[in-house]
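A.B. asks:
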Amino acid sequence: MSSKGDLSKCRNIGIMAHIDAGKTTTTERILFYTGKQNRIGEVHEGAASMDWMEQEKERGITITSAATTCFWNGCRINIIDTPGHVDFTVEVERSLRVLDGAVAVFDGVAGVEPQSETVWRQADRYDVPRICFVNKMDRVGADFYTCVDMIVDRLGAVPLVLQLPIGVDKGFVGVVDLVEMRSIIWEEDSLGAKFHYGDIPEGMLEEANKYRSKLVETAVEVDDEAMSMYLDGQDISVSLLKKCIRAGVIGSNFVPVLCGSAFKNKGVQPLLDAVVDYLPSPNDIPTIEGVSAKDPDQVMQITTSEDGKFVALAFKVMVDRFVGSLTFVRVYSGKLTGKSVVLNSSKGIQSLWVGFC
Numbered sequence: 001m002s003s004k005g006d007l008s009k010c011r012n013i014g015i016m017a018h019i020d021a022g023k024t025t026t027t028e029r030i031l032f033y034t035g036k037q038n039r040i041g042e043v044h045e046g047a048a049s050m051d052w053m054e055q056e057k058e059r060g061i062t063i064t065s066a067a068t069t070c071f072w073n074g075c076r077i078n079i080i081d082t083p084g085h086v087d088f089t090v091e092v093e094r095s096l097r098v099l100d101g102a103v104a105v106f107d108g109v110a111g112v113e114p115q116s117e118t119v120w121r122q123a124d125r126y127d128v129p130r131i132c133f134v135n136k137m138d139r140v141g142a143d144f145y146t147c148v149d150m151i152v153d154r155l156g157a158v159p160l161v162l163q164l165p166i167g168v169d170k171g172f173v174g175v176v177d178l179v180e181m182r183s184i185i186w187e188e189d190s191l192g193a194k195f196h197y198g199d200i201p202e203g204m205l206e207e208a209n210k211y212r213s214k215l216v217e218t219a220v221e222v223d224d225e226a227m228s229m230y231l232d233g234q235d236i237s238v239s240l241l242k243k244c245i246r247a248g249v250i251g252s253n254f255v256p257v258l259c260g261s262a263f264k265n266k267g268v269q270p271l272l273d274a275v276v277d278y279l280p281s282p283n284d285i286p287t288i289e290g291v292s293a294k295d296p297d298q299v300m301q302i303t304t305s306e307d308g309k310f311v312a313l314a315f316k317v318m319v320d321r322f323v324g325s326l327t328f329v330r331v332y333s334g335k336l337t338g339k340s341v342v343l344n345s346s347k348g349i350q351s352l353w354v355g356f357c
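In terms of this note's numbering, the sequence shown opens at residue 1 and continues consecutively.
#1: Quick one: using the 10 Å Cβ neighbour count with 16 as the cut-off for buried, is A193 buried or exposed?
#2: Just to confirm the assignment: which complete beta strand (DSSP E) runs, minimum length 3, are found wholly within the region 251-287?
#3: Who are the near neighbours of V276 in its chain, counting only those whose CB is closer than 7 Å to its CB and skipping five residues on each side?
#4: Can you tell me the Cα-Cα spacing of A67 and I80, whole angstroms?
#5: What did DSSP end up calling F172 once you bin it into helix, strand or coil?
#6: Do L96 and I13 come within 8 Å of each other at the CB atom, strictly closer than that value?
#7: Output yes or no for whether 8 Å exceeds the beta carbon distance between I30 and V268.
#8: Given Y211, which residues of its chain have a CB within under 7 Å of its CB, disregarding the five upstream and five downstream residues?
#9: Note down the Cα distance separating S325 from Q37, rounded to an integer number of angstroms.
#10: Write down the C-beta distance between T303 and N283 rounded to the nearest angstrom, noting that I regard them as a contact closer than 8 Å.
#11: Measuring only the C-alpha atoms, how far is I200 from C259?
#12: Please list, in chain order, all residues of the same chain as V249 whose beta carbon is under 6 Å from its beta carbon, the five residues on each side excluded.
#13: Per DSSP, what are the beta-bridge partners of R76 in this structure?
#14: By the DSSP assignment, the alpha helix (DSSP H) with A102 in it spans what residues?
#15: Determine the closest residue to S340 out of K347, V331, S346, with distance taken between C-alpha atoms.
#16: Taking the beta strand (DSSP E) that D320 falls in, what are its first and last residues?
#17: When you compare the CB positions of V255 and P114, do they come within less than 8 Å of one another, or not?
#18: In the structure shown, what three-state DSSP assignment does M229 receive?
#19: Roughly how many angstroms lie between the CA atoms of V173 and I151, to the nearest whole one?
#20: Ordered along the chain, which non-local residues of its own chain (more than five positions away) have a Cβ less than 7 Å from that of E221?
#21: Just to confirm, are D143 and K170 a CB contact at a threshold of 8 Å?
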């Protein structure tokens, strides 16, 4: 495990989507707003930091999974940006296997697309908790409500709407936060870095109250205390509501749905808040099954612990022109530090690791 802090303050997430839904653009905004990089890398300019291969820069698509780390609200977020093209589905499969949570990005115009369904089923296979981000709300024809319906009809999921869009097409300016019951409006001339909270627009108040009621009614079902309070007519506090949402996400009872426009720099900060507030930490995941290196027939239960024996799964290998071959691993137990010597159980050899932890 990383020695840089409390595991409860860590999120291992992936960004998954159909090609051109805005997955890498969303990731680039995340890196910018968290201070990981001081400029926004645009996919269409071949400047996206997560697209490191020359072929990716030339074509403007993600071919291999790329990993990076950033920090938000005191939480360490390890991000894997996965390919969206159907030809590289195996890359997504490898990545989802090691994730604790995922952000599913949808095109607000196209909704749930074929590869969206494919990666969603892969996430189902590994029981990966996830949240949804309906992107491109600034585009002509974008329809948040139709996209939510498609999440139900095509994915069989239970969407928990946390935000409503304010404005349509080029008039999209912000969102209604249904948890805090307030509006969030972004300033156009700040590259999305500045935004302000305000009252919900009067014309949206009735709709916001309706969706807020649905949100509370669905969320409290996962918590007996909250359900009892709700049935007694008591108000559900924001902190208790967030607790219920988090429990429901980790238990795969429902998927929170947010919206925005990554390219227009709107909606990314609340998405980061949702990652921290609702997606699981390594401490929240169940035990992992593995087999003994000495006896392949012996099944072992691996519990997340920094004090246990070192257990990790290699999920990606890349070649860096400066440092050579790099292997990305997901650590499930123990610690990996500089100069650690570990056993490659599949090949029966020991390797010297210089860890980037």
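Beta carbons are placed, not taken as given, at the ideal position from N, Cα and C, and that holds for glycine.
C.D. replies: Taking the definition as stated:
#1: As a position in the sequence shown, residue 193 is number 193, starting the count at 1. Exposed: under 16 other Cβ atoms inside 10 Å.
#2: As far as the region 251-287 is concerned, its whole beta strand (DSSP E) runs of at least 3 residues are 255-259.
#3: Within the sequence shown, the letter at position 276 stands for residue 276. Correct list, in chain order: R11, W72, N73, C75.
#4: Your numbering for residue 67 matches position 67 in the sequence shown. Your numbering for residue 80 matches position 80 in the sequence shown. Each residue's alpha carbon lies about 4 Å from the other.
#5: Along the sequence shown, read from residue 1 onward, the residue named residue 172 stands at position 172. Secondary structure of F172 (DSSP, three-state): coil.
#6: By 1-based counting over the sequence shown, the position of residue 13 is 13. By 1-based counting over the sequence shown, the position of residue 96 is 96. Their beta carbons are not under 8 Å apart, which means I13 does not touch L96 by this criterion.
#7: Taking the sequence shown and counting its residues from 1, one reaches residue 30 at position 30. Taking the sequence shown and counting its residues from 1, one reaches residue 268 at position 268. Yes, Cβ-Cβ distance for I30 and V268 is below 8 Å.
#8: Along the sequence shown, read from residue 1 onward, the residue named residue 211 stands at position 211. Excluding sequence neighbours, Y211 sits near V161, L164, L178.
#9: Position 325 of the sequence shown, counted from the first residue, corresponds to residue 325. Position 37 of the sequence shown, counted from the first residue, corresponds to residue 37. Each residue's alpha carbon lies about 24 Å from the other.
#10: The residue given as residue 303 occupies position 303 in the sequence shown. The residue given as residue 283 occupies position 283 in the sequence shown. Approximately 10 Å separates the beta-carbon atoms of T303 and N283; this is outside 8 Å, ruling out the contact.
#11: As a position in the sequence shown, residue 200 is number 200, starting the count at 1. As a position in the sequence shown, residue 259 is number 259, starting the count at 1. Spanning the two alpha carbons is a distance of roughly 16 Å.
#12: Position 249 of the sequence shown, counted from the first residue, corresponds to residue 249. Taking C-beta separations shorter than 6 Å and ignoring five residues to either side along the sequence, the partners of V249 in its chain run P129, Y278, following chain order.
#13: Locating residue 76 in the sequence shown gives position 76, counting from the first residue. In the DSSP output, where bridge partners are listed per residue, R76 has C10, F71.
#14: Here residue 102 is taken as the residue at index 102 of the sequence shown, counted from 1. Run containing A102: none in the alpha helix (DSSP H); it sits in the beta strand (DSSP E), 101-107.
#15: Taking the sequence shown and counting its residues from 1, the one referred to as residue 340 is at position 340. For the set K347, V331, S346, the Cα lying nearest the Cα of S340 is the one of V331.
#16: The residue you call residue 320 lines up with position 320 of the sequence shown. DSSP places D320 in the uninterrupted beta strand (DSSP E) bounded by 311-320.
#17: Counting from 1 along the sequence shown, the entry for residue 255 is found at position 255. Counting from 1 along the sequence shown, the entry for residue 114 is found at position 114. Taking C-beta atoms as the reference points, V255 and P114 fail to come closer than 8 Å.
#18: Here residue 229 is taken as the residue at index 229 of the sequence shown, counted from 1. Shown here, M229 sits in a helix according to DSSP, grouped into three states.
#19: Position 173 of the sequence shown holds residue 173. Position 151 of the sequence shown holds residue 151. C-alpha separation (whole angstroms): 24 Å.
#20: Position 221 of the sequence shown, counting from 1, holds the residue named residue 221. Excluding five sequence positions before and after E221, the CB atoms of its chain that fall closer than 7 Å to its own CB belong to M227, given in chain order.
#21: Position 143 of the sequence shown, counted from the first residue, corresponds to residue 143. Position 170 of the sequence shown, counted from the first residue, corresponds to residue 170. K170 sits away from D143, with the two beta carbons spaced by 8 Å or more.
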